[in-house]
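427 is the number that the numbering used here gives to position 427 of the sequence shown; each next residue is one higher, with no gaps.
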Amino acid sequence: MPATIVLGTQWGDEGKGKAVDYLADGMDFVVRYQGGNNAGHTVIAEGRLLKLQLIPSGVLYPHITPVIADGVVIDPRHLLRELDDLRGTGVDVSRLQVSGNCHLIMPYHLELEKVTQRFLGHNALGTTKRGIGPAYADKAARIGLRVQDLFDQKIFREKLEIVLREKNAILTKLYGRLPLDGDVIVDEYMDLAGRLEPYVADTSTLLHRALRDGKSVMLEGAQGTLLDLDKGTYPFVTSSNPVAAAACIGAGVGPKDIDEVWGVSKAYSTRVGAGPFPSEIEGDLADHLRDRGGEYGTTTGRPRRIGWIDLIALRYAARINSLTALVLTKLDVLSGMERIPVCTGYRSQEGAELDHFPYHQSVLHHATPTLVELPGWEEDIGEARREEDLPEAARAYLDFVARFVGVPIALVGVGPGRDQVIWTEVTAPAAG
Ligand code: IMP
């Protein structure tokens with residue numbers, strides 16, 4: 001069976017962890033293809049709350065091989081800590097496979113991100129400060145160190161010395177910081193190398209063989225479409241490509257290996273960090289939804305910005321990712337509202353009505369939402385397990401979203417528990 005991609009359609013935090021974890025039941029491999037420990041998945045499994053940042057949530061299933069593929073950047077200190085934490089809660093992590101092609105997040109990436117974000121002042125992006133941007137920048141500049149370099153001390157040291165010359169000059173001369181000591185880094189990373197080695201593999205070949213042998217492979221995106229370096233709200237984006245096309249590059253499989261692309265969206269919207277967010281709301285209602293939905297960053301603990309579901313952005317995500325199905329999470333958070341606004345268009349600063357996601361940064365920054373109010377429902381829907389268990393208004397809400405976006409909703413989340421989901425059959429004719 002070919003591969004399925006599961007990715008975020010908004011600004012991350014859509015509840016992908018839970019969706020992936022749920023779908024993982026029928027999978028043999030679950031693969032992360034981009035990002036690093038800037039991501040955060042919260043999964044509730046057998047009453048335990050687990051926070052995963054780098055390791056695919058499929059690790060919780062004994063029949064799944066979790067894979068961290070080429071496109072991911074790895075902070076080895078973080079990865080080993082996450083492995084230790086999982087082991088500590090009784091999870092068997094021995095099946096994890098990590099690509100030797102992954103780029104490493106180095107101590108100077110963390111240091112440089114700290115000082116450059118400070119230097120940007122009020123123009124700072126509000127990154128997760130995990131060194132993600134600097135690591136991907138070095139990858140593109142072809143001065144990155146990779147996981148495979150950890151296993152040849154001579155090569156590791158040589159590459160590090162070249163890079164450190166430049167990084168230390170920047171740190172000391174431009175930012176007035178102390179230089180980093182190459183010997184200390186070599187010692188630390190060589191120690192980490194020994195502990196990482198059992199997990200390192202040629203993951204592209206592994207996945208190729210798995211697909212050839214008819215295994216089921218799920219490619220799991222981190223962050224979301226609107227944080228994509230190329231297709232998101234640049235420059236308020238992450239430094240990798242969460243979109244579907246990038247799953248092939250990041251995992252090392254071909255486009256024809258992909259069968260399904262599932263897009264995960266909350267029933268409303270959230271965003272952490274700076275950047276345009278046309279359907280954003282503030283005040284009591286935003287506070288209420290933030291508290292009800294537990295909208296605080298998994299990685300940084302920051303309160304998330306809140307808004308209504310943005311169907312223009314969702315339709316854009318459906319188009320550029322070739323979505324075959326939607327997963328709508330956290331529908332229960334909207335219970336108890338008399339009317340639920342949804343964003344079905346934008347108005348530009350000049351008063352023009354927009355029915356598509358504008359490519360120009362300034363237009364998007366000044367866009368205001370056109371909202372349609374749909375009827376709400378009073379009932380608690382946490383116990384609903386079939387579409388028929390949902391109140392009429394909740395079903396109408398799902399139907400409106402699917403029809404507007406032109407993609408069927410396959411799965412709906414009605415609570416944080418692993419079993420709090422509904423498989424649906426909402427049909428969707430082509431979007432306008
Ligand atoms: P970076 O990925 O740490 O470079 O941060 C760039 C932007 O992406 C910031 O606005 C972050 O808040 C945001 N971001 C990165 N990872 C996630 C995530 O997993 N969920 C939500 N936002 C994220």
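No residue lacks a Cβ here, since even glycine has one placed at the ideal position from N, Cα and C.
Query	Result
Beta carbon of Thr203 nearer than 8 Å to that of Asp399	no
Cβ pair count under 8 Å reaching 3, the region 353-360 against the region 284-304	no
The ligand IMP heavy atom lying under 7 Å from the CB of Val115	no
Per-residue DSSP class, three states only, for Lys114	helix
Separation of His78 from Glu282, as counted between CA atoms	35 Å
Local Cβ density within 10 Å of Trp11, reported as buried at 16 or more and exposed below that	buried
Host alpha helix (DSSP H) of Phe404 (start-end)	392-405
Pair within 8 Å by beta-carbon distance, Val98 and Tyr189	no
Host alpha helix (DSSP H) of Arg319 (start-end)	311-321
Burial state of Ser94, where buried means 16 or more other Cβ atoms lie within 10 Å	exposed
Proximity to Thr364 [Cα-Cα], best of Leu83, Phe404, Ala313	Reading off the sequence, residue 364 comes out as Leu, not Thr. Per the Cα distances, Ala313.
Tyr175 versus Thr424 - alpha carbon distance	55 Å
DSSP beta-bridge partners of Leu411	Val327, Trp423
Ile306 beta carbon less than 8 Å from that of Thr225	no
Burial state of Lys173 (16 or more Cβ within 10 Å)	exposed
For Gly432, the three-state DSSP class (helix, strand or coil)	Unreliable positioning characterises Gly432 in this predicted model, as indicated by a pLDDT of 47, which lies under 50. A coordinate reading is not provided.
Sheet register partners of Thr370 (DSSP bridge)	Gly345
Contact between the region 114-132 and the region 54-62 (3+ Cβ pairs under 8 Å)	no
Ile309: CB within 7 Å of a non-hydrogen atom of the ligand IMP	no
Gln223: CB within 7 Å of a non-hydrogen atom of the ligand IMP	yes
beta-carbon Asn241 near the ligand IMP non-hydrogen atom, thresh 7 Å	no
Cβ pair Val31, Met218 closer than 8 Å	yes
Contact between the region 397-415 and the region 318-334 (3+ Cβ pairs under 8 Å)	yes
8 Å contact criterion, which Thr437 and Leu374 should meet: CB distance rounded	With the chain represented from 1 up to 432, any question about residue 437 goes unanswered, as that position is not in the structure.
Buried versus exposed call for Val147 [16 or more other C-beta atoms within 10 Å across all chains shown]	buried
Residue closest to Met106, alpha-carbon to alpha-carbon, out of Ala140, Ala3, Gly131	Gly131
Local Cβ density within 10 Å of His41, reported as buried at 16 or more and exposed below that	buried
Stretch-stretch touch, CB-based, cutoff 8 Å, three pairs: the region 160-169 with the region 78-90	no
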